[in-house]
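Colleague: The structure is given below, and queries will be raised subsequently.
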């Protein structure tokens with residue numbers, strides 16, 4: 172009998188990228204290349220010895236590639252991290268109070284077993300990858316970041332999902348010693364703390380959804396959400412919660428901080444969508460950091476091939 | 005005094021030009037020379053250049069408006085008479101308002117009046133900003149001596165423009181930070 176066994180590297184016919192999608196991707200890459208040239212910014216990777224932090228062991232995932240990266244300096248000095256400051260350059264100056272060394276994530280709620288797992292254990296247990304993702308802020312600026320991390324699904328599978336696992340809520344660490352703005356109460360407080368964010372279970376289990384522990388090959392800088400943060404590249408940046416310590420899986424829709432602060436302006440889904448304006452500005456274009464010219468924003472931030480299917484029967488204007 | 009006003013008025017503009025120079029090939033070497041001989045914090049292209057330019061122009065429009073409106077309380081409460089400089093300060097307030105508005109007209113509205121009107125119709129804070137601009141525009145046009153005598157009553161509308169600018173400024177914020185509250189406090193004081 173002639174049994175044909177395939178080696179893991181032998182792809183099936185169905186794995187071959189459809190020619191239409193292939194051509195679309197080529198067009199996208201051309202657009203990205205032109206936009207990159209327009210930005211006139213140097214995009215060479217700095218020597219890794221220039222970048223602070225501990226070197227991580229990871230493989231490069233070439234499926235997520237971009238023509239140009241945002242400079243390390245820009246990624247680490249232009250941050251929205253309200254636990255430290257409202258100013259974009261505030262977190263890079265103030266985040267030294269964060270202590271990322273002894274850190275674990277607790278998973279509770281509708282899972283098979285509640286678990287607490289240390290960040291170092293996750294780094295050694297799960298395969299780390301470098302993925303270059305586009306990052307689009309709801310405020311209209313954008314960057315391209317070489318994250319290092321692993322898929323959130325690995326962690327959720329470890330806790331075990333049940334039929335009641337429908338939504339996932341994430342929470343930033345609540346510790347006023349580390350996060351000075353968490354000390355402020357009443358009208359002096361800028362937003363309610365601790366910061367919480369949420370995803371639907373299919374979004375959380377999606378292979379694009381990353382738990383990042385590093386960028387530019389090194390451990391995460393404090394101002395970027397050390398030691399571990401979420402990265403959901405097809406949603407506006409505020410969904411990608413920083414310095415996370417708690418994951419709660421539930422059966423019902425969860426709260427998310429900006430949705431509580433201003434539900435008219437920030438929805439639960441917050442998928443990047445150039446056709447749905449923010450009440451105060453258009454989302455049709457974005458300002459790549461360091462660029463003098465805007466570029467067109469893509470639906471789902473350019474990840475439509477991968478994620479549009481999850482929102483097939485939804486009105487994206489209502490569920491913004 | 006006049007020279008000081010002109011000098012101060014050009015500082016924010018020079019600052020924007022200098023910061024932008026870091027992103028322009030060849031000019032960056034000039035910027036680097038200034039960096040070598042100047043402050044360290046000055047030496048870099050802003051992370052978000054377009055937002056930096058819009059915000060710097062806008063906040064300096066507010067600075068000059070505050071300066072202009074300070075002239076008459078200075079005279080009545082502290083007996084400091086700078087009234088002959090008020091027109092120049094007011095024109096600079098308008099100049100920054102004009103550059104700030106022109107910037108949005110070109111960058112946000114692609115230089116199309118139809119898009120600007122649509123923007124003002126859809127977004128209340130743009131409506132307030134544009135209305136304040138029109139009031140200041142009228143005041144700038146009628147600021148020469150002869151016309152001013154005729155239109156002096158209309159210049160009271162500046163207080164309406166201040167109300168519009170407060171709304172414009174507050175509504176453009178994500179949340180109200182301390183410094184924004186201070187500006188609003190000063191403006192509301194008039």
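Residue numbers (the working numbering), protein chains in the order written: chain A, 172 to 491; chain B, 5 to 194.
C-beta: ideal position from N, C-alpha, C; glycine also.
1) Would you say residue 336 of chain A and residue 420 of chain A are within 8 Å of each other, going by their C-beta atoms?
2) Is residue 426 of chain A buried or exposed, if buried means 16 or more other CB atoms sit within 10 Å of its CB?
3) Where residue 52 of chain B and residue 108 of chain B are concerned, what is the direct C-alpha to C-alpha distance, given to the nearest angstrom?
4) Going by CA-CA distance only, name the one from A/260, A/428, A/446 that's closest to residue 438 of chain A.
5) So residue 307 of chain A and residue 472 of chain A are supposed to be a Cβ contact under 8 Å. How far apart are they, rounded?
6) Quick one, which residues of the segment 455-489 of chain A are near chain B if we go by CB-CB under 8 Å, in chain order?
7) In the structure shown, what three-state DSSP assignment does residue 463 of chain A receive?
8) Give the residues of chain B in contact with residue 362 of chain A, contact being defined as C-beta atoms less than 8 Å apart.
9) Given residue 241 of chain A, which residues of its chain have a CB within under 6 Å of its CB, disregarding the five upstream and five downstream residues?
10) Shorter than 8 Å from the beta carbon of residue 248 of chain A to some beta carbon of chain B?
11) If you run the structure through DSSP and keep just helix, strand and coil, what is residue 24 of chain B?
12) Could you please give me the residues that DSSP links to residue 252 of chain A through a beta bridge?
13) Give me the Cα-Cα distance between residue 56 of chain B and residue 296 of chain A, rounded to the nearest whole angstrom.
14) Under the rule that 16 or more other beta-carbon atoms within 10 Å means buried, what is residue 435 of chain A, buried or exposed?
15) Could you give the uninterrupted runs of the alpha helix (DSSP H) lying entirely in the segment 314-368 of chain A, keeping only those of 4 residues or more?
16) Ordered along the chain, which non-local residues of its own chain (more than five positions away) have a Cβ less than 8 Å from that of residue 431 of chain A?
17) Could you tell me which chain B residues have their CB closer than 9 Å to the CB of residue 299 of chain A, listed as they occur along the chain?
18) For the beta strand (DSSP E) containing residue 421 of chain A, name the first residue and the last one.
19) Per the DSSP calculation, residue 304 of chain A is bridged to which residue(s)?
20) Beta carbons nearer than 9 Å to chain A: which residues of the segment 22-37 of chain B have them?
21) Might you give, ordered along the chain, the residues of its own chain that have their beta carbon closer than 7 Å to the beta carbon of residue 165 of chain B, omitting 5 neighbours on each side?
22) Would you mind working out which of A/245, A/268, A/456 sits nearest residue 348 of chain A, comparing C-alpha positions?
23) From the DSSP output, in three-state form, read off residue 370 of chain A for me.
24) In chain order, what are the residue ranges of uninterrupted alpha helix (DSSP H) at least 4 long that sit wholly in the segment 261-294 of chain A?
25) Which of the three DSSP states, helix, strand or coil, is assigned to residue 393 of chain A?
26) Kindly indicate the opening and closing residues of the alpha helix (DSSP H) around residue 453 of chain A.
27) Can you give me the Cβ contacts of residue 457 of chain A inside the same chain, cut-off strictly under 7 Å, excluding the 5 residues immediately before and after it?
28) Taking C-beta pairs closer than 7 Å, name the residues in chain B that residue 386 of chain A reaches, listed in chain order.
29) What residue from B/129, B/161, B/29, B/114 has the CA that sits closest to residue 174 of chain B's CA?
30) Could you please give me the residues that DSSP links to residue 402 of chain A through a beta bridge?
31) Considering only residues of the same chain and omitting the five flanking positions on each side of residue 5 of chain B, which have a CB-CB separation below 8 Å?
32) Relative to the C-alpha of residue 298 of chain A, which residue among A/275, A/322, A/234 is closest?
33) Return the residue from the list B/97, B/40, B/28 that minimises the CA-CA distance to residue 67 of chain B.
34) Leaving out the 5 sequence neighbours to the left and right, which residues in its chain are closer than 6 Å to residue 237 of chain A when beta-carbon positions are compared?
35) Using three-state DSSP, classify residue 233 of chain A as helix, strand or coil.
36) Using only CA atoms, which one of A/356, A/350, A/388, A/401 lies nearest to residue 374 of chain A?
Modeller: Quick answer:
1) Counting from 1 along the first chain, the entry for residue 336 of chain A is found at position 165. Counting from 1 along the first chain, the entry for residue 420 of chain A is found at position 249. Contact: yes.
2) Looking up residue 426 of chain A in the first chain gives position 255. By the neighbour-count rule (16 or more Cβ atoms within 10 Å), residue 426 of chain A is not buried but exposed.
3) Counting from one through the second chain, the residue named residue 52 of chain B turns up at place 48. Counting from one through the second chain, the residue named residue 108 of chain B turns up at place 104. Straight-line Cα distance between these residues: approximately 15 Å.
4) Looking up residue 438 of chain A in the first chain gives position 267. Taking only the C-alpha atoms, the option nearest residue 438 of chain A is A/428.
5) The residue labelled residue 307 of chain A in the question sits at position 136 within the first chain. The residue labelled residue 472 of chain A in the question sits at position 301 within the first chain. Indeed, because the Cβ distance is near 5 Å, the residues count as touching under 8 Å.
6) 458, 460, 461, 462, 463, 465
7) The count along the first chain starts at 1 and reaches residue 463 of chain A at position 292. In the structure shown, residue 463 of chain A sits in coil (DSSP, three-state: anything other than H, G, I, E or B).
8) Here residue 362 of chain A refers to the residue found at position 191 when the first chain is read from its first residue. Per Cβ cutoff of 8 Å: 179.
9) Here residue 241 of chain A refers to the residue found at position 70 of the first chain. Around residue 241 of chain A: 314, 315, 460.
10) Translated into positions along the first chain, residue 248 of chain A becomes position 77. Yes, because at least one Cβ of chain B sits closer than 8 Å to the Cβ of residue 248 of chain A.
11) As a first step, residue 24 of chain B must be located in the second chain, where it is residue number 20. Helix at residue 24 of chain B.
12) Mapped onto the first chain, residue 252 of chain A falls at position 81. Paired residues: A/256.
13) In the second chain, the residue the question calls residue 56 of chain B occupies position 52. In the first chain, the residue the question calls residue 296 of chain A occupies position 125. About 43 Å.
14) The residue labelled residue 435 of chain A in the question sits at position 264 within the first chain. It is exposed - the Cβ of residue 435 of chain A has fewer than 16 other Cβ atoms within 10 Å.
15) 323-330
16) Reading the first chain from its first residue, position 260 is the one you call residue 431 of chain A. 363, listed in sequence order.
17) Residue mapping note: residue 299 of chain A aligns to position 128 of the first chain, counting from 1. Neighbours of residue 299 of chain A on chain B: none; closest Cβ ~28 Å, over 9 Å.
18) What you label residue 421 of chain A is simply residue 250 of the first chain in a count that begins at 1. Per DSSP, residue 421 of chain A belongs to the beta strand (DSSP E) from 415-421.
19) Against the first chain, residue 304 of chain A aligns to sequence position 133. DSSP lists A/316 as partners of residue 304 of chain A.
20) 24, 27, 28, 29
21) On the second chain, residue 165 of chain B is found 161 positions in, with the first residue counted as 1. For residue 165 of chain B, where only same-chain residues beyond five positions count, the Cβ hits under 7 Å are 136, 139, 140.
22) Here the question's residue 348 of chain A lines up with position 177 in the first chain. When only C-alpha atoms are compared, the closest one is A/268.
23) Locating residue 370 of chain A in the first chain gives position 199, where the first residue counts as 1. Reduced to three states, the DSSP call for residue 370 of chain A is strand.
24) 261-265
25) Mapped onto the first chain, residue 393 of chain A falls at position 222. The answer is helix: DSSP assigns residue 393 of chain A an H, G or I state.
26) Taking the first chain and counting its residues from 1, the one referred to as residue 453 of chain A is at position 282. Looking at the DSSP string, residue 453 of chain A is not in any alpha helix (DSSP H), and its letter there is neither H nor E.
27) Looking up residue 457 of chain A in the first chain gives position 286. Contacts found: 307, 311, 312, 313, 465, 466, 468.
28) Residue mapping note: residue 386 of chain A aligns to position 215 of the first chain, counting from 1. Simply none; closest approach about 16 Å.
29) Stepping through the second chain from its first residue, residue 174 of chain B is reached at position 170. Cα-wise, what sits closest to residue 174 of chain B is B/129.
30) Against the first chain, residue 402 of chain A aligns to sequence position 231. Paired residue(s): A/381.
31) In the second chain, the residue the question calls residue 5 of chain B occupies position 1. Closer than 8 Å at Cβ, skipping near neighbours: 86, 89.
32) As a position in the first chain, residue 298 of chain A is number 127, starting the count at 1. Taking only the C-alpha atoms, the option nearest residue 298 of chain A is A/322.
33) One-based indexing of the second chain puts residue 67 of chain B at position 63. Of B/97, B/40, B/28, the residue nearest in Cα terms is B/97.
34) Along the first chain, read from residue 1 onward, the residue named residue 237 of chain A stands at position 66. Only 303, 315 meet the Cβ criterion.
35) To locate residue 233 of chain A, count along the first chain from 1; it is residue 62. In this structure, residue 233 of chain A counts as coil in the three-state DSSP scheme.
36) Here residue 374 of chain A refers to the residue found at position 203 of the first chain. Checking every option, the nearest Cα to that of residue 374 of chain A belongs to A/401.
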